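So in the working numbering, spot 89 of the sequence shown is number 110, and the numbers just go up one at a time. C-beta: ideal position from N, C-alpha, C; glycine also. Computed from a prediction, not measured in an experiment: that's the story for all the values here. Taking it in order: structure first as structure tokens, then the write-up.
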Amino acid sequence: MESIVEEIRQCTRCPLCATRNKVVPGEGPLNAKIIIIGEGPGEENDKTGRPFVGRGGQILDRFLMQVGLNREELYLTNIIKCRMPHNATPSKNIVEKCITFLDAQIKVISPKVIITLGLPAAKAILDNATLKLSDLKNRVFQRGNIKVICTYHPSSIRYNKNASQDIINSLMIAKGLSNEE
Ligand code: SF4
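So this is what it looks like as structure tokens:
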């Protein structure tokens, strides 16, 4: 993982290397049973180099606590490792350039479950550009031998009143799957 992180720090594969303050490779134990994957770093993440520490991160922490998941036991990262200006959705081209870092991280951690937050993360992880998040609710997908659960991004609870319950349900499903033998 150290060499992957170093490669991310040096990365100039896409134009975001010119506008980022800090890369946000991800954090958590390398033996995590669950990886949580968001769309990309936000403003606070870009300042600190840490994932999910802004407002979205605080909401996520609250949901994790509600379902009895300990953030310290999870690996948290994003599809892309540098902030998009104005938090725009990353283009297909940028995701394609960056996703090899995430693929390598998943290989190192080899989790039982991946949870994607938000549609761009679901599309990238399931490699399907036509997905709609509403079609993914309460479903368990496979990526090789890893189970994949897709839900809303925690920030979406501001405009989608159903998102909170969906996120909680998804986290509970993921927790159950991660404890299966
Ligand atoms: S977003 Fe990814 S591909 Fe682009 S510069 Fe950052 S690490 Fe490299």
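Keeping to the same chain, check which residues put their C-beta closer than 7 Å to that of lysine 118; ignore five residues upstream and five downstream.
Correct list, in chain order: Arg34 and Cys35.
Which residue wins for smallest C-alpha separation from arginine 41, given the options Glu28, Met22 and Asp67?
Looking at the Cα atoms, Asp67 is the closest of the given residues.
Would you say the beta carbon of isoleucine 58 is closer than 6 Å to some non-hydrogen atom of ligand 1?
Isoleucine 58: no, Cβ never under 6 Å from ligand 1.
Whole angstroms are fine: how far does the CA of aspartate 187 sit from the CA of serine 176?
So the alpha carbons of these two residues sit roughly 13 Å apart.
Assign threonine 110 to buried or exposed, taking buried as 16 or more other Cβ atoms, counted over all protein chains shown, within 10 Å of its Cβ.
Exposed.
So if DSSP puts asparagine 99 in a beta bridge, which residue, or which two residues, is it bridged to?
Gly59, per the DSSP bridge assignment.
Assess, as a yes-or-no matter, whether the segment 37-53 is touched by the segment 89-101 under the definition of 3 or more beta carbon pairs within less than 8 Å.
As far as the Cβ criterion goes, the segment 89-101 touches the segment 37-53, which means the pair count is three or higher.
Less than 6 Å separating the Cβ of arginine 34 from some heavy atom of ligand 1?
Yes - ligand 1 has a heavy atom lying nearer than 6 Å to the Cβ of arginine 34.
Can you have a look at valine 116 and say buried or exposed, based on whether 16 or more other CB atoms are within 10 angstroms of its CB?
So valine 116 ends up on the buried side.
Could you tell me if the beta carbon of isoleucine 29 falls within a distance shorter than 6 Å of some heavy atom in ligand 1?
Yes, ligand 1 has a heavy atom inside 6 Å of this Cβ.
Any idea what DSSP makes of threonine 40, helix, strand or coil?
Of the three classes helix, strand and coil, the one that applies to threonine 40 here is coil, per DSSP.
Which residues in the same chain have their Cβ closer than 7 Å to the Cβ of glycine 158, if we skip the five residues on either side of it in sequence?
Per the sequence presented here, residue 158 reads as lysine, with glycine not at that position. Contacts found: Asp187.
Name the two residues that bound the continuous beta strand (DSSP E) containing phenylalanine 162.
Counting along the chain, the beta strand (DSSP E) containing phenylalanine 162 begins and ends at 162-164.
Which runs of the beta strand (DSSP E), 3 residues or longer, sit entirely within the segment 73-139?
Correct list: 96-99 and 134-138.
Looking at the structure shown, is threonine 33 part of a helix, part of a strand, or coil, going by DSSP?
Of the three classes helix, strand and coil, the one that applies to threonine 33 here is coil, per DSSP.
Thinking C-alpha only, which one of Arg83, Ile57, Ile58 and Cys38 is nearest serine 185?
Nearest option by C-alpha distance: Arg83.
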